[in-house]
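Notes follow the structure.
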């Protein structure tokens, strides 16, 4: 069994997400403590209805306000966008998405209601075609289940990165089983993945344990993990500041 590692946490939240409880500085300190080389700050975009975060006053200002490196740690300025409808509409404009190093597109039941498998297939295929989306957020969520084999091939076609969200395993129904099935298909079709914590408190930064164990159990190819090092992640992100 191969040892798999991830050196950048690509999905984390700060107090700007309202329902998260740590500052960016606290997250950075924890990332350094755990030996990470990079950290993505990916607070929720406004569609989740969590508070007064606006594109021009928060997300649009990130590249200007936050240094590329803080205490030697590479900071990726990102966002977790909400899918608003089954056409794949996101809750930030293209002008803001263009300024992000990293864009995650996720479904949340507070924003878009789960529906039929056919419609959810179409939703994810519409997201796959969006050139500003880098990462497919927590796709193992049973509520937004899709036809894995069919849609994973669309992710491959449009060069999307599939997230294996470690925090989903204990909290989202069937997430562990679904993520393993998704990972096996990513292995089959050579689709890139990222391993993330989805941390909402600083102690969870870099907590990849559940995802790593699952990926090692299926002998997942390390070269398909984009956050294995800074060079791989930077190369995989289309609009990332180089």
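In full-length UniProt numbering, the protein residues as written are 1 to 242. Each residue gets a CB set at the ideal place from its N, CA and C atoms; glycine is no exception. These numbers come from a predicted model, not from an experiment.
| Asked | Found |
| --- | --- |
| Any beta carbon from chain D within less than 7 Å of residue 107's own beta carbon? | Absence of chain D from the displayed structure is noted, only one protein chain being present. |
| List in chain order: all unbroken beta strand (DSSP E) runs of 3+ residues lying wholly within the segment 182-231. | 193-196 |
| With 16 other CB atoms within 10 Å as the buried threshold, where does residue 110 fall? | exposed |
| Between the alpha carbons of residue 184 and residue 158, how many angstroms are there, rounded? | 19 Å |
| Below 7 Å between beta carbons: does that hold for residue 7 and residue 206? | no |
| Reducing DSSP to helix, strand and coil, say where residue 95 ends up. | helix |
| Could you tell me whether the segment 147-154 touches the segment 21-28, where touching means 3 or more Cβ pairs closer than 8 Å? | no |
| For residue 41, report the span of its beta strand (DSSP E) as first-last. | 38-41 |
| Does residue 139 pass the burial test, meaning 16 or more other C-beta atoms within 10 Å, or should it be called exposed? | buried |
| Mark residue 143 as exposed unless 16 or more other C-beta atoms lie within 10 angstroms of its C-beta, in which case mark it buried. | exposed |
| Between which residues of its own chain and residue 198 is the CB-CB distance below 6 Å, once the five residues before and five after are set aside? | 11, 165 and 167 |
| Residue range of the alpha helix (DSSP H) that residue 151 falls in? | 148-157 |
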